[in-house]
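Have a look at the structure below before the remarks.
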Amino acid sequence: MSSRQLWLFKGIALLLPFLLLALLEGVLRLFSYGHELRLFVDDPQQSGFLVMNQHASEKYFTETDNATIGNFEPFHKHKPDGTLRIFVLGESTTIGYPYMHNGSFHRWLQYRLTHTFPDKEFEIINLALTAVNSYTVYGFAQELAAYQPDAVLIYTGHNEYYGALGVGSTSSIARNPSLVRFVLKLREFRLMQLIGHTLAGIQKALSGQQPDLRENLMKRMAADQQIPYQSEVYQQGIEQYKTNLNDLCQLLSNQKIPVFISNLVSNEKDLKPLISASGNLANSAQQQYQLAGQAYKTGDFTTAKKAYVQAKELDLLRFRAPEAMNQVIRELATRYPDVTIVDTKAYFEKQSARGILGKETLLEHVHPNLFGYALLSDAFYEALKKRKLIPTEGSQEMSFAQLKQQMPITAVDSLQGAYEMMILKEGWPFNEPMPPEENRPKTVEEQLAGALVVKQLSWRDAMNQLAAYYVKVKNPLKTLQVTEALSLEYPNDPNLYAQAGKLCAALNQNEQAVLYLKKAFQLENTFDKAQQLFITFLKLDRPEEALPYLRYASANNTSTFNLNELQTFVEQLIELKKQYAKDTNNVILSNQLAAGYLKFANASAAAKYVKKTLQQDSHNADALQLNKQIQALRK
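Residues are numbered in the numbering used here as their position in the sequence shown, beginning at 1, plus a constant of 282.
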């Protein structure tokens, strides 16, 4: 062999294994083995939209039986002009557990933004998963820049030890973030998925054991159940969190994407330590907890707060984030100008007795109750305002009090959350017995919530049945609540908005009706939707806004009613209103406007002008006659 031929032979010999691996990878993909693990895929239900890939989490779980599935929230593949797009990253608190639909903080935020800015479009896409930690959050963040986010909201940290790939979890593969990330990259290949599945199968066969999926995920994921405060493993968890969040912030800041990271809250007062070391006060979580309780009873709340926090810090079972993680979050804001700290903890402490976190806002160790999720949304809302991503000048802002009153969380959603929490607390590590079942017939809401918990019904079927029940018992307010809840879950369904708009109009909530009907018409231009809109605008005495929808209805008329006369009237009405705006004391114009509205049986708009006339001239004959017609029409 010549020297050249020898080098060629050696080169082929070296490349051959890689060529064989590439061939095998190609064959596996050809036969659709394994899964594509990128974050987003085309929405199979509607073209032009993307959704979160339901297999995206499998890369992060060594045992894929434990892999969790996130929300199904479509967003436009090509971001429409003027749309504010926000991605949300985190774990079980972020996804809203145990209120897995409209209880999550991002849905509270979505509802408030939609009602504060009815003419602006928002896409708030929640990418959170249960049982994950900062590895998954960082991995997802790496893919976001291509999708033009206006902001990324983050709440993560409680799963750092026992979440997927955590240093104390059953899925831990290394305690070096660089090595973990290298393995995660390899798992994107189908060949690595095949090797992983094969090894897992062999391990199960040799052990003769299958994972007990009846056990809760917390127990299945927690391997090292005693991690002492300041121990080596404890510090490795802090470093893992610090590395991943720092790299995430650097990545998004370099791309000029605003990041909002919330600090972490957990139950201090109303949850005793899950596992405590024996010993003296310095290292026993249980003794610190008892000291805190004694100080609280005597009114020494400063000592109580300090001891409650220390009891949490010393708890060996690390399902609550250490305070060191909040310190990591504080440091990020000083390092990166595009990172904003959301001080959720301050919001929770303000609503807690003596500033000590407990059952006022939290259900068990870390998950908020519905009021807590509302507070979490308020903290992010105010942070977005402060950074001027949502300028509220000139808008009729929905207050926090209004949000709490109007948020469409149904009784079924609330009950399902309560039942889910009872089941969670019955198992490890809480081991609290179920309360005795009440000996009474269950309400419809209780029956539907129970069916949801045991997965006999889908959420949409449960909501449809609930709405049908409220229609049957003639409760339009509750029917509207369910319809609004459905429209939050399915924001691209025009029929849900149209139904909500009609219910609002029937309840004389005309401003709300306009909001929903306009959204319905934007999604689907139809005669019925245009008709409902122009009728509602005329009720509100806004003929200039009614006219475009009236013209559409006239051009696409599917009714037997001739709309030409009404269109002429509305055009004349607009001119009359222009004249009236220059001289609001002109009773002749006022009466003409009232008479015009009465011609089309619009008593509410007519009454506005008759009232104005009678305030100036209580004996005006024309106004008194018009008023009689209004009263007769209302009867």
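We treat Cβ as the ideally placed atom computed from N, Cα and C, and that holds for glycine.
Problem - Other residues of its chain near residue 724: CB distance less than 6 Å, five sequence neighbours each side excluded - result: none
Problem - residue 623 - DSSP class collapsed to helix/strand/coil - result: strand
Practice task
Please name the residue in 455, 618, 551 and 445 whose C-alpha comes closest to that of residue 543.
Solution key: 618
Handout entry: Inter-residue Cα distance where the pair is residue 522 and residue 645
Key = 28 Å
Practice task
Report the residue from 894, 731, 547 and 701 whose alpha carbon sits nearest the alpha carbon of residue 865.
Solution key: 894
Exercise for the section: Look at the Cβ atom of residue 509, then the Cβ atom of residue 598, and state whether they are nearer than 8 Å. Expected result: yes
Exercise for the section: From the DSSP output, read off the bridge partner residues of residue 544. Expected result: 624
Practice task
Indicate the three-state DSSP secondary structure (helix, strand or coil) for residue 751 in the structure shown.
Solution key: helix
Practice task
Return the Cβ separation of residue 473 and residue 371 in integer angstroms, given the expectation that the two are a contact with Cβ distance under 8 Å.
Solution key: Contact flag wrong, Cβ pair sits at about 29 Å.
Handout entry: the segment 578-585 / the segment 655-665 touching (three or more Cβ pairs under 8 Å)
Key = no
Practice task
Spatial neighbours of residue 351 within its chain, please: CB distance less than 8 Å, with the 5 preceding and 5 following residues excluded, ordered by chain position.
Solution key: 336, 339 and 411
Problem - Beta carbon of residue 393 nearer than 8 Å to that of residue 671 - result: no
Exercise for the section: Write down the C-beta distance between residue 654 and residue 682 rounded to the nearest angstrom, noting that I regard them as a contact closer than 8 Å. Expected result: No, residue 654 and residue 682 are not in contact; Cβ-Cβ is about 13 Å, not under 8 Å.
Exercise for the section: Return the first residue and the last residue of the alpha helix (DSSP H) that residue 779 is part of. Expected result: 776-788
Problem - Contact belief for residue 520 with residue 604 at Cβ below 8 Å, rounded distance in angstroms - result: 7 Å
Exercise for the section: Output the distance between the C-alpha atoms of residue 495 and residue 814, rounded to the nearest integer angstrom. Expected result: Its pLDDT being 45, under 50, residue 495 is placed unreliably by the model, and the measurement read from it follows with that caveat. Between residue 495 and residue 814, the C-alpha separation is close to 51 Å.
Handout entry: Touch test, the segment 780-798 against the segment 845-855, Cβ-Cβ under 8 Å, three pairs minimum
Key = no
Problem - N- and C-terminal bounds of the beta strand (DSSP E) containing residue 705 - result: Counting along the chain, residue 705 falls outside any beta strand (DSSP E), though it belongs to the alpha helix (DSSP H) covering 693-708.
Exercise for the section: Closer than 8 Å by C-beta to residue 568: which residues in its own chain qualify, once you throw out the five before and the five after it? Chain order, please. Expected result: 554, 555, 558 and 593
Problem - Exposure of residue 913, with buried meaning 16 or more beta-carbon neighbours within 10 Å - result: exposed
Practice task
Leaving out five residues on either side along the sequence, give the residues of the same chain with a beta carbon under 6 Å from the beta carbon of residue 920.
Solution key: Here the chain has residues from 283 to 917 only, and residue 920 is not among them.
Practice task
Return the bridge partner residues of residue 324 from the DSSP annotation.
Solution key: 332
Problem - Within 8 Å, strictly: CB atoms of residue 533 and residue 628 - result: no
Practice task
Please say whether residue 652 and residue 308 have beta carbons closer to each other than 8 Å?
Solution key: no
Handout entry: Beta-carbon contacts of residue 611 that lie in its chain and below 7 Å, excluding the five residues immediately before and after
Key = 543, 545 and 623
Practice task
Take residue 716 and list the residues in its own chain whose beta-carbon comes closer than 7 Å to its own, dropping the five residues that flank it on each side.
Solution key: 704 and 708
Handout entry: Whole-number beta carbon distance between residue 444 and residue 291, since they are thought to touch under 8 Å
Key = That pair is no contact at about 52 Å.
Problem - As assigned by DSSP and simplified to three states, the class of residue 388 - result: helix
Practice task
Between the Cα of residue 692 and those of 301, 701, 727 and 535, spot the shortest distance and give me the residue it belongs to.
Solution key: 727
Problem - Given 8 Å, three or more beta-carbon pairs between the segment 350-368 and the segment 426-438 - result: yes
Practice task
Might you give, ordered along the chain, the residues of its own chain that have their beta carbon closer than 6 Å to the beta carbon of residue 649, omitting 5 neighbours on each side?
Solution key: 375 and 379
Exercise for the section: Determine the direct distance from the alpha carbon of residue 319 to that of residue 302, and round the result to whole angstroms. Expected result: 23 Å
Handout entry: CB of residue 438 within 8 Å of CB of residue 419, strictly
Key = yes
Exercise for the section: Could you confirm whether any beta carbon from chain B is found closer than 8 Å to the beta carbon of residue 870? Expected result: Included in the structure is just one protein chain, with no chain B present.
Practice task
Can you grab the Cα-Cα spacing for the pair residue 341 / residue 408, in whole Å?
Solution key: 19 Å
Problem - Cut-off 8 Å between Cβ atoms - residues of its own chain near residue 739, not counting five sequence neighbours on either side - result: 730, 733 and 747
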